[in-house]
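To convert, take the position in the sequence shown, counting from 1, and add 833; that gives my numbering.
Virtual Cβ for every residue (Gly too), placed ideally from N, Cα, C.
Predicted model, so just to flag it, every value in this text is computed and none were measured.
So the structure is just underneath, and the comments pick up after that.
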Amino acid sequence: MLSVGIRESIRNGKYDGQLIEDLGIKTDIVVRARWSDLQPNSTTNTQYDRIADNLSRIGKANGQANTMFVAEPFSMDANLGDFKLDAEVSGIEDITITSDDGKKVFGTQKLTLDHHNVTITTPPISDGIGTQRITIIGSTKGKQIIKTYRTVRVVPTDEQRVHIATTPFTFNGKSTSVGLFNSAETAPVDGWSLHNGKWMVGNGTLYNNNVVTSLEVFMTAPVGTHVNFNLDVNLDCETEFDYLGLLTKSDNKETPILTTVSRLVAGRIIPGVSGRNTVVKGAYPFTTTTENFSVILRFTSDVISGFKGATINSFTASAATAPAPPSSVSKGHRKPIIF
């Protein structure tokens, strides 16, 4: 039995309906599959080798064969203050770091053309903790030769964390120990924001879809410290598909404190609380397993929205001196539901 598959890449916009390799783009080189590439269970693909050979030839012709820039991971943490980025570079004279839209230049550093490891240092890329997307531009002889992006989580130093064992915490917005972190797909206006004196998702009237927005409080305490997180939030969202989560993060591992069992999908655990006209209120206990940790209040929505979202009435934390009372989620004037 012979199966044949054909795939065509079609352009849109100005070149709507035209094939990429024939009409849509004027190409210098077209690399097509050979018969050996199409054999079942083939372990090689000569197209890759031929593409590599052509890139090598072009690099030697334009002088960029020895150009290199490696800086991993693509998402990283950095403390407040001067920004430092470790990279492996070659063939680049200048590195410039800007905001992702290019409107703000954070700094430029001169490099040597040889292959070496370097720490690129600029003034602060953010005036507070939170998410910052940066653009890295490399140039030689005044000509741009690389452009790449990184996402940086700006986090506090150990000294700037809330020392929760001795200092109770009350949420009053962003600070040197509290940051706002939105996913790359979440616009700032769609995430947690301050309106009429209260923090809420979006504008408090109608939240957007595909939102992942987090308020993260960075804390420190001796291992084994018992902490109570006290929460009072008005919640109005799509049941079981959009939800408010309360999580802790230790050693880069997130653990949900609030969970509910799905009534629609058997066995599905929702990492939070969802529902219409709901009040999430109670004390949620936690025992520290590392000295440095954080607590995250996160709102997540899917492709459908149409409700008010979440509004924080109060959010506090303190070292526990007695067992915490049970937490609850209530709807309207109904009797609270005990988890």
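So, Gly-1056 versus Ile-997, is the Cβ gap smaller than 7 Å? The amino acid occupying residue 1056 in the given sequence is Val; Gly does not appear at that position. Not in contact: Val-1056 and Ile-997 (Cβ atoms no closer than 7 Å).
Residue range of the unbroken alpha helix (DSSP H) whose run includes Arg-1149: According to the sequence shown, residue 1149 is Thr rather than Arg. First-last for Thr-1149: 1142-1152, but that is the beta strand (DSSP E), not the alpha helix (DSSP H).
Grab me the residues of Thr-984's own chain with a C-beta within less than 6 Å of its C-beta, minus the 5 sequence neighbours each way, in chain order. Correct list, in chain order: Ser-908 and Arg-966.
Compare the Cα-Cα distances from Asn-1085 to each of Ile-1129, Asp-933 and Arg-865 and report the closest residue. Ile-1129
Do Ala-1143 and Leu-1077 have their C-beta atoms within less than 7 Å of each other? Contact flag set, yes.
Tell me, which residues are paired with Arg-1131 by DSSP? Ser-1047 and Gly-1078
The stretch 1040-1048 / the stretch 1017-1024 touching (three or more Cβ pairs under 8 Å): yes
Got a sec? Which residues, its chain only, sit under 6 Å from Tyr-982 by beta carbon, not counting five neighbours each side? Thr-968
May I have the straight-line CA-CA distance separating Glu-1073 from Thr-964, to the nearest angstrom? 27 Å
As assigned by DSSP and simplified to three states, the class of Arg-986: In this structure, Arg-986 counts as strand in the three-state DSSP scheme.
Run through DSSP, which three-state label would Ala-920 get? Strand at Ala-920.
Measure from the alpha carbon of Val-863 to the alpha carbon of each residue in Val-922, Thr-877, Tyr-881 and Gln-872, then state which is nearest. With respect to the C-alpha of Val-863, the residue from Val-922, Thr-877, Tyr-881 and Gln-872 having the closest C-alpha is Tyr-881.
Taking the beta carbon of Lys-1141 as the centre, do at least 16 other beta carbons fall within 10 Å, making it buried, or is it exposed? buried
Since Asn-1043 and Val-1136 should fall inside the 8 Å C-beta cutoff, what is the C-beta to C-beta distance between them, to a whole number of angstroms? 6 Å
Range of the contiguous beta strand (DSSP E) that encloses Tyr-881: Tyr-881 -> not in any beta strand (DSSP E); alpha helix (DSSP H) instead, spanning 879-895.
Exposure label - Arg-1131; buried when at least 16 CB within 10 Å: buried
What separation, rounded to the nearest whole angstrom, lies between the Cα atoms of Thr-941 and Asp-919? 14 Å
Would you kindly report the start and end of the unbroken beta strand (DSSP E) that includes Val-1230? With the chain covering only 834 through 1172, there is no way to say anything about residue 1230.
8 Å contact criterion, which Ser-923 and Asp-947 should meet: CB distance rounded: 7 Å
Measuring CA to CA, which of Lys-976, Thr-1053 and Asn-1015 is closest to Lys-1082? The candidate whose alpha carbon is nearest that of Lys-1082 is Thr-1053.
For Asp-886, count neighbouring C-beta atoms within 10 Å of its own C-beta (all shown protein chains included) and say buried if the count is 16 or more, exposed if not. exposed
Helix, strand or coil for Pro-1001, going by three-state DSSP, please let me know. Here Pro-1001 sits in coil by DSSP.
Would DSSP call Ser-1083 helix, strand or coil? strand
Around the Cβ of Asp-915, are there at least 16 other Cβ atoms within 10 angstroms (buried) or fewer (exposed)? With fewer than 16 other Cβ atoms within 10 Å, it is exposed.
Can you look up Ala-1157 in the DSSP assignment and give me helix, strand or coil? With a pLDDT of only 47 at Ala-1157, under the threshold of 50, the placement of this residue in the model should not be trusted; the figure read from the coordinates follows. Coil.
Among Lys-943, Ile-1145, Thr-1123 and Val-938, nearest to Pro-956 - alpha-carbon criterion: Val-938
Helix, strand or coil for Met-834? Go by DSSP, reduced to three states. With a pLDDT of 48 at Met-834, under the threshold of 50, the modelled position of that residue is not reliable, and the figure given next carries that caveat. DSSP places Met-834 outside both helix and strand once states are collapsed to three, so it counts as coil.
Helix, strand or coil at Lys-1168 [DSSP, three-state]: The predicted model places Lys-1168 with a pLDDT of 34, which falls under 50 and marks its position as unreliable; any figure quoted below should be read in that light. Lys-1168: coil per DSSP, three-state reduction.
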